[in-house]
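S.K.: The numbering of the sequence shown is this note's numbering, which starts it at 10 and goes up by one. All C-beta atoms, glycine included, are put in the ideal place defined by N, C-alpha and C. Here's a structure for you.
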Amino acid sequence: MLSPDAHSLGDAAVELALAGWSVFPCHPTGPRAKSPISALVPHGHLNATRDPEVIQRWWRECPNAMIGGAVPASFIVIDIDPRNGGSLDVLEALVGALTETLTVWSGREDRGRHFYYLRPGGAFTSTRLPDGIDLKVHGYCILPPSIHPATGRPYRWELREPAPLPGSLLSLLRPLPSPPRVTSGLGSVSADALVRFVAGLQPGERNRGTYWAACRAADDGVLDGLAADLVAAAMQTGLPEREAIRIVQSARRSAGIRS
Numbered sequence: 010m011l012s013p014d015a016h017s018l019g020d021a022a023v024e025l026a027l028a029g030w031s032v033f034p035c036h037p038t039g040p041r042a043k044s045p046i047s048a049l050v051p052h053g054h055l056n057a058t059r060d061p062e063v064i065q066r067w068w069r070e071c072p073n074a075m076i077g078g079a080v081p082a083s084f085i086v087i088d089i090d091p092r093n094g095g096s097l098d099v100l101e102a103l104v105g106a107l108t109e110t111l112t113v114w115s116g117r118e119d120r121g122r123h124f125y126y127l128r129p130g131g132a133f134t135s136t137r138l139p140d141g142i143d144l145k146v147h148g149y150c151i152l153p154p155s156i157h158p159a160t161g162r163p164y165r166w167e168l169r170e171p172a173p174l175p176g177s178l179l180s181l182l183r184p185l186p187s188p189p190r191v192t193s194g195l196g197s198v199s200a201d202a203l204v205r206f207v208a209g210l211q212p213g214e215r216n217r218g219t220y221w222a223a224c225r226a227a228d229d230g231v232l233d234g235l236a237a238d239l240v241a242a243a244m245q246t247g248l249p250e251r252e253a254i255r256i257v258q259s260a261r262r263s264a265g266i267r268s
């Protein structure tokens, strides 16, 4: 995946981008380790890019930044985190033996890993899985050769051809609700549809879905009148009020709306 000349994390990030991965910088140490560096990417993984000049600028600002990779639209990622009780044995007891596929091993060296499977058509999110196991259909993962903050060891690739998602795993997914269609001149019915869409979001969908709805409202010039309803709808799904407000304000800034 990376050439021997990728002697720095910035070089590695550029090579990953040239290979098709959208990347962004994450905190390398401290309590925010592995989370997006908000001073550089205010919208987190939504700011991920394949632009080498942007990537080089980011890593000049923070040479030791971990490499975050937005989950590609063509993949579903199985995230096994032993620190939180995740185990491949537990998952395989549930769904059967997994097909070998492109894999990233965590630098924690506790057998944590990410399995990248080819994503079937349609939009999905995961149902509840055993503790420490997650199916990621969006969001991001840390990519090699990022250095794990707890061990100082690098994440590493286990290079295999990406395999189709096994049918037994597909059974653990459910369809993602379709966003409402919003047209120019947003009226009360369409505004209600945006609010209903946010209220129907599930864990794993809430941040991205709320941001999408707020951006659509901003595009049509009605976010000021709809913001409180969107925040209330997001809170109904279990999103903390502060987080819901932050997401709506982020959409406002993206649209260039002054508070």
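Provide the residue(s) that pair with lysine 43 in DSSP beta bridges, ordered along the chain.
M.R.: The sequence position of residue 43 within the sequence shown is 34, counting from 1. For lysine 43, which the question treats as bridged, DSSP gives no partner whatsoever.
S.K.: Please list, in chain order, all residues of the same chain as phenylalanine 84 whose beta carbon is under 6 angstroms from its beta carbon, the five residues on each side excluded.
M.R.: By 1-based counting over the sequence shown, the position of residue 84 is 75. Within the same chain, phenylalanine 84 has close Cβ partners Tyr125, Arg128.
S.K.: Under the rule that 16 or more other beta-carbon atoms within 10 Å means buried, what is histidine 123, buried or exposed?
M.R.: As a working mapping, residue 123 is identified with position 114 in the sequence shown. That one is buried.
S.K.: Let me know if glutamate 214 comes out buried or exposed under the rule of 16 or more other beta-carbons within 10 Å of its beta-carbon.
M.R.: Counting from one through the sequence shown, the residue named residue 214 turns up at place 205. Burial call: buried.
S.K.: Compute the beta-carbon to beta-carbon distance between tryptophan 114 and tyrosine 149, rounded to the nearest angstrom, for a pair I have assumed lies under 8 angstroms.
M.R.: Looking up residue 114 in the sequence shown gives position 105. Looking up residue 149 in the sequence shown gives position 140. Not a contact, Cβ separation roughly 17 angstroms.
S.K.: With 16 as the cutoff for other CB atoms within 10 Å, does asparagine 56 come out buried or exposed?
M.R.: Taking the sequence shown and counting its residues from 1, the one referred to as residue 56 is at position 47. By the neighbour-count rule (16 or more Cβ atoms within 10 Å), asparagine 56 is buried.
S.K.: Does the segment 96-114 touch the segment 158-172, meaning 3 or more C-beta pairs lie closer than 8 angstroms?
M.R.: They touch, by the three-pair rule.
S.K.: Taking just the CA atoms, how far does aspartate 238 sit from leucine 18?
M.R.: Position 9 of the sequence shown, counting from 1, holds the residue named residue 18. Position 229 of the sequence shown, counting from 1, holds the residue named residue 238. Rounded to whole angstroms, leucine 18 to aspartate 238 spans 42 angstroms at the Cα level.
S.K.: The alpha helix (DSSP H) spanning arginine 165 covers which residue range?
M.R.: Position 156 of the sequence shown, counted from the first residue, corresponds to residue 165. First-last for arginine 165: 165-167, but that is the beta strand (DSSP E), not the alpha helix (DSSP H).
S.K.: Going by the CB atoms, is the gap between serine 96 and isoleucine 142 shorter than 9 angstroms?
M.R.: Counting from one through the sequence shown, the residue named residue 142 turns up at place 133. Counting from one through the sequence shown, the residue named residue 96 turns up at place 87. The answer is yes: Cβ separation under 9 angstroms.
S.K.: When the Cα of glycine 77 is compared with those of Gly161, Pro139, Ile87, Ala21, which residue comes out closest?
M.R.: The residue given as residue 77 occupies position 68 in the sequence shown. Cα-wise, what sits closest to glycine 77 is Ala21.
S.K.: Establish whether the CB of glycine 116 and some CB of chain D are separated by less than 9 angstroms.
M.R.: Checking the listed chains, one finds no chain D in this structure; it contains a single protein chain.
S.K.: Take glycine 9 as the anchor and find which of Arg251, Lys145, Leu248, Leu179 has the nearest alpha-carbon.
M.R.: Given a span of 10 to 268 for the chain in the structure shown, any question on residue 9 remains unanswerable.
S.K.: Along the chain, where does the beta strand (DSSP E) that runs through valine 32 open and close?
M.R.: What you label residue 32 is simply residue 23 of the sequence shown in a count that begins at 1. Run containing valine 32: 32-35, per the beta strand (DSSP E) assignment.
S.K.: Would you please state the rounded distance, in angstroms, between the beta carbons of isoleucine 254 and threonine 219? I believe it to be under 8 angstroms.
M.R.: What you label residue 254 is simply residue 245 of the sequence shown in a count that begins at 1. What you label residue 219 is simply residue 210 of the sequence shown in a count that begins at 1. Not quite, the Cβ-Cβ distance comes to about 10 angstroms (not below 8 angstroms), so this is no contact.
S.K.: Excluding the 5 residues flanking alanine 260 on each side, which residues of the same chain have their C-beta closer than 6 angstroms to its C-beta?
M.R.: On the sequence shown, residue 260 is found 251 positions in, with the first residue counted as 1. Hits under 6 angstroms: Tyr220, Ala223, Cys224, Ala227.
S.K.: Taking only three categories from DSSP, how would you classify glycine 176?
M.R.: Here residue 176 refers to the residue found at position 167 when the sequence shown is read from its first residue. Looking at glycine 176 - three-state DSSP - the assignment turns out to be helix.
S.K.: Taking only the alpha-carbon atoms, compute the straight-line gap between serine 155 and glutamate 101 and give it to the nearest angstrom.
M.R.: Numbered from 1 along the sequence shown, position 146 holds the residue referred to as residue 155. Numbered from 1 along the sequence shown, position 92 holds the residue referred to as residue 101. About 28 angstroms.
S.K.: Would you mind stating whether glycine 209 and arginine 162 have Cβ atoms separated by less than 9 angstroms?
M.R.: Along the sequence shown, one-based indexing puts residue 209 at 200. Along the sequence shown, one-based indexing puts residue 162 at 153. No; because the gap between Cβ atoms is not below 9 angstroms, this pair is not in contact.
S.K.: Sorted by chain position, which residues of the same chain lie with C-beta nearer than 8 angstroms to arginine 59's C-beta, five sequence neighbours on each side aside?
M.R.: Stepping through the sequence shown from its first residue, residue 59 is reached at position 50. Here the set comprises Ala26, Leu27, Gly29, Trp30, Ser31, Val32.
S.K.: Tell me the DSSP secondary structure of valine 231 in three-state form.
M.R.: The residue given as residue 231 occupies position 222 in the sequence shown. Looking at valine 231 - three-state DSSP - the assignment turns out to be coil, as it is neither helix nor strand.
S.K.: Ignoring anything shorter than 4 residues, give me the alpha helix (DSSP H) runs that lie fully in the segment 60-120, in order along the chain.
M.R.: Runs of the alpha helix (DSSP H) inside the segment 60-120: 61-70, 97-104.
S.K.: Given valine 23, which residues of its chain have a CB within under 6 angstroms of its CB, disregarding the five upstream and five downstream residues?
M.R.: Taking the sequence shown and counting its residues from 1, one reaches residue 23 at position 14. So the qualifying residues of the chain are Pro61, Ile64.
S.K.: Note down the Cα distance separating alanine 241 from asparagine 216, rounded to an integer number of angstroms.
M.R.: For the purposes of this step, residue 241 is taken as the residue at position 232 of the sequence shown. For the purposes of this step, residue 216 is taken as the residue at position 207 of the sequence shown. About 13 angstroms.
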